[in-house]
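S.K.: The structure follows.
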Amino acid sequence: MCNVMMQLRKMANHPLLHRQYYTAEKLKEMSQLMLKEPTHCEANPDLIFEDMEVMTDFELHVLCKQYRHINNFQLDMDLILDSGKFRVLARILSELKEKGDRVVLFSQFTMMLDILEALLKHHQHRYLRLDGKTQISERIHLIDEYNTDMDIFVFLLSTKAGGLGINLTSANVVILHDIDCNPYNDKQAEDRCHRVGQTKEVLVIKLISQGTIEESMLKINQQKLKLEQDMTTVDEGDEGSMPADIATLLKTSMGL
Numbered sequence: 001m002c003n004v005m006m007q008l009r010k011m012a013n014h015p016l017l018h019r020q021y022y023t024a025e026k027l028k029e030m031s032q033l034m035l036k037e038p039t040h041c042e043a044n045p046d047l048i049f050e051d052m053e054v055m056t057d058f059e060l061h062v063l064c065k066q067y068r069h070i071n072n073f074q075l076d077m078d079l080i081l082d083s084g085k086f087r088v089l090a091r092i093l094s095e096l097k098e099k100g101d102r103v104v105l106f107s108q109f110t111m112m113l114d115i116l117e118a119l120l121k122h123h124q125h126r127y128l129r130l131d132g133k134t135q136i137s138e139r140i141h142l143i144d145e146y147n148t149d150m151d152i153f154v155f156l157l158s159t160k161a162g163g164l165g166i167n168l169t170s171a172n173v174v175i176l177h178d179i180d181c182n183p184y185n186d187k188q189a190e191d192r193c194h195r196v197g198q199t200k201e202v203l204v205i206k207l208i209s210q211g212t213i214e215e216s217m218l219k220i221n222q223q224k225l226k227l228e229q230d231m232t233t234v235d236e237g238d239e240g241s242m243p244a245d246i247a248t249l250l251k252t253s254m255g256l
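Reminder that position 220 of the sequence shown reads as 220 in full-length UniProt numbering, one-by-one numbering, no gaps.
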């Protein structure tokens with residue numbers, strides 16, 4: 001069930017998070033060509049093919065960039081930019097840059113960060129990236145660099161890596177490319193800009209793909225946040241004053 005949900009989330013974010021452009025026929029051809037590479041000259045083409053079969057289109061695209069004999073199988077930039085979210089994001093970034101705003105851009109998925117990097121490079125936006133693989137010492141350097149160099153437009157972050165100790169008050173726009181199942185993880189990400197020293201109003205933008213699982217995720221997350229907010233307004237021990245919708249949400253969450 002979790003795997004199905006993850007696949008649906010990927011579909012809502014970018015087509016290259018699945019494999020459709022690299023057909024089995026292409027992969028067989030590529031696996032044979034890989035034998036011409038010095039690092040794979042004695043490899044088994046069947047095993048190479050099996051490894052390629054479980055890779056996404058973007059992973060295969062990156063692989064093609066790394067090896068000369070399959071270089072021609074790289075995807076066109078048009079395909080990399082061919083995402084509903086990317087079309088909206090490109091427009092938003094252009095408008096924000098023109099106004100002099102600075103952006104912290106989040107994604108749940110490391111691979112999505114890779115594709116976002118391709119978008120930022122294509123549109124010549126200066127950026128820095130921090131994810132779960134970034135060393136602690138390097139994190140401090142990246143944060144300081146972003147906060148002092150105003151020409152760096154975007155700070156690219158994995159949502160769960162954007163935790164404690166990250167202060168990005170020099171940015172005034174937070175963009176969540178994809179939302180978390182837990183709304184508190186997204187709130188924590190947003191708080192990277194809501195820190196002492198922030199002098200501007202912070203704008204938070206969430207990109208939600210219409211007609212996908214993300215719409216249901218957003219609705220559930222909003223209910224969770226509303227439940228927390230309403231619960232704090234109820235006097236301790238005064239269950240009779242609990243709003244009817246809160247009681248309903250509690251029963252639903254407990255399967256009653």
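Heads up, the beta-carbon is just placed ideally off N, CA and C, and yes, glycines get one too.
What's the call for Asp245, buried or exposed, on a 16-neighbour Cβ count within 10 Å?
M.R.: Low confidence applies to Asp245: its pLDDT is 48, below 50, so where it sits in the model is not reliable, and the reading given next is rough at best. Burial call: exposed.
S.K.: I need the DSSP call for Lys206, collapsed to helix, strand or coil.
M.R.: Here Lys206 sits in strand by DSSP.
S.K.: Return helix, strand or coil for Leu8, following the three-state DSSP convention.
M.R.: Helix at Leu8.
S.K.: For residue 266, collect the residues of the same chain with a Cβ closer than 7 Å to its Cβ; drop the 5 residues on either side in sequence, then sort them by chain order.
M.R.: Any answer about residue 266 is impossible in this case: the structure gives the chain only from 1 up to 256.
S.K.: Taking the C-alpha atoms as reference points, what is the distance between Leu8 and His14?
M.R.: Going from the Cα of Leu8 to the Cα of His14 covers about 11 Å.
S.K.: May I ask you to list the residues that DSSP assigns as paired with Ser107?
M.R.: Ser107 is bridged to Ser158.
S.K.: Do Leu176 and Leu207 count as a contact pair if the criterion is CB distance below 8 Å?
M.R.: Yes, these two residues count as a Cβ contact at 8 Å.
S.K.: Please classify Val173: does DSSP put it in a helix, a strand, or coil?
M.R.: Note: Val173 maps to strand in three-state DSSP.
S.K.: Can you look up Arg68 in the DSSP assignment and give me helix, strand or coil?
M.R.: Three-state result, Arg68: helix.
S.K.: Which residues in the same chain have their Cβ closer than 6 Å to the Cβ of Pro183, if we skip the five residues on either side of it in sequence?
M.R.: Excluding sequence neighbours, Pro183 sits near Asn221, Lys224 and Leu225.
S.K.: So, do the segment 82–102 and the segment 40–49 have three or more beta carbon pairs nearer to each other than 8 Å?
M.R.: At 8 Å Cβ cutoff, the stretches do not touch.
S.K.: Out of Ala171, Gln66 and Glu190, point me to the one whose CA is closest to Thr39's CA.
M.R.: That would be Gln66, whose Cα lies nearest to the Cα of Thr39.
S.K.: At which residue ranges does the segment 15–84 contain complete beta strand (DSSP E) runs of 3 or more residues, listed in the order of the chain?
M.R.: Qualifying beta strand (DSSP E) stretches: none in this window.
S.K.: Would you kindly work out how many angstroms separate the C-alpha atoms of Ser31 and Met231, rounded to a whole number?
M.R.: Taking the straight line from one Cα to the other gives about 58 Å.
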